[in-house]
Amino acid sequence: MHHSATRPNSLNPRRRSPVRASGLLLATLGLAIASVVAGGCVVSSSANYTVTRAAQTAHAAGSAVSVETNNGAITIRRESRPDVEITAEVRATSRERAEQVVIVAERSPEGTLAVTVKWPDTRKSYEGCSFTIAIPEASGVKARTGNGAVTIEGLSGLADLETTNGRITVKNHAGSVTADTSNGAIELTDVAGQITAKTSNGRISIVMAQGSTGPVNARTSNGAIELTASTELGGTISMETSNGAITADCPGAAVTISKKSGEVKLPKEGGASTLKTSNGRITVKTRETPKV
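Residue numbers (this note's numbering): 45 to 336.
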């Protein structure tokens with residue numbers, strides 16, 4: 045399989061060099077040194093060398109995007125533009141290693157744009173790479189990282205998001221979302237689809253898009269859960285906490301609450317939604333019906 049890659053010949057921010065691979069031309073827009081602590085061949089025990097790169101590749105309408113990295117954040121957002129812009133912030137233990145890092149962008153036979161980072165050898169523990177992707181639209185999103193936040197905005201299709209020690213934020217998403225993290229909060233706003241959210245040591249906040257039928261499944265520990273449900277959500281919402289208050293404000297629903305659990309039977313037919321935490325409160329309310 046061929047690859048589309050951006051690889052600088054120099055860390056000089058004024059030098060620009062297009063690189064051709066996998067039949068695509070990724071024009072290097074610029075190389076900027078954000079911080080350099082030392083020069084020469086010195087290798088640090090921490091990632092003190094930061095280089096930011098930007099490149100563009102052609103967009104394929106209706107395709108998915110997949111981004112994978114480690115020790116870095118991932119941001120994928122919709123922008124009004126004709127192509128895809130990929131910005132990478134590379135943190136390495138030496139200048140030489142930073143120069144040798146390759147950002148790879150390639151399309152699968154199905155059309156998915158896969159963005160990854162290739163290190164000159166095994167990535168050292170302190171090293172990492174953050175990605176910011178600006179894209180006209182995407183139907184399907186996959187993000188994998190560790191020790192970094194994941195943020196997507198204005199996209200569609202199934203969003204499969206996973207990190208550790210990082211926050212997950214989703215805004216205005218036309219599709220289902222699976223969000224999995226640890227030691228980080230999850231915030232999902234205006235999501236139109238099924239929702240599965242799992243974390244530990246973090247709160248979960250979910251606002252369903254109006255018209256979404258769910259269901260919603262959220263689980264955390266040491267964190268609160270807040271659900272603002274669509275008026276189209278039906279079925280039941282089961283709630284459970286070991287240490288925290290449970291409240292529900294859902295007009296027209298049958299609500300039963302005890303000390304550690306509760307259930308909301310919604311007026312419309314639907315599936316089963318579950319909200320479960322320990323050491324945290326659970327709050328459920330229904331979105332207000334839009335005024336005509």
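Ideal placement from N, C-alpha and C gives every residue a C-beta, glycine not left out. Treat the numbers as computed from the prediction; the structure is a model and nothing was measured.
Query, Result
"Which value, in whole angstroms, describes the spacing of the CA atoms of Asn191 and Glu112?", "12 Å"
"So what does Gly172 bridge to, in DSSP terms?", "Arg135"
"When we look at the beta-carbon of Gly296 and count the other beta-carbons within 10 Å, is it buried (16 or more) or exposed?", "exposed"
"Confirm, please, whether the CB-CB distance from Gly324 to Gly267 is below 7 Å.", "yes"
"Between the alpha carbons of Ala158 and Thr291, how many angstroms are there, rounded?", "43 Å"
"Consider the C-beta atom of Ile230 and the heavy atoms of the ligand GDP; say whether any pair is separated by less than 6 Å.", "The model on display carries no ligand, and the ligand GDP is accordingly not part of it."
"By Cβ distance, which residues of its chain are closer than 6 Å to Val134, with the 5 residues on each side in sequence left out?", "Val95, Ala142, Val145, Cys173"
"So for Arg361, helix, strand or coil by DSSP?", "For the chain, the structure presents residues 45 to 336; residue 361 sits outside this window and is missing."
"Confirm, please, whether the CB-CB distance from Val214 to Ile239 is below 7 Å.", "no"
"What does the Cβ neighbour count give for Ala193, buried or exposed, with the cut at 16 atoms within 10 Å?", "buried"
"Give the DSSP bridge partners of Thr156, in chain order.", "Note: Thr156 sits in no beta bridge, so no partner."
"Does the Cβ of Val81 have 16 or more other Cβ atoms within 10 Å, making it buried, or fewer, making it exposed?", "Residue placement at Val81 cannot be trusted, given a pLDDT of 31 that sits under 50; the coordinates are not used to answer."
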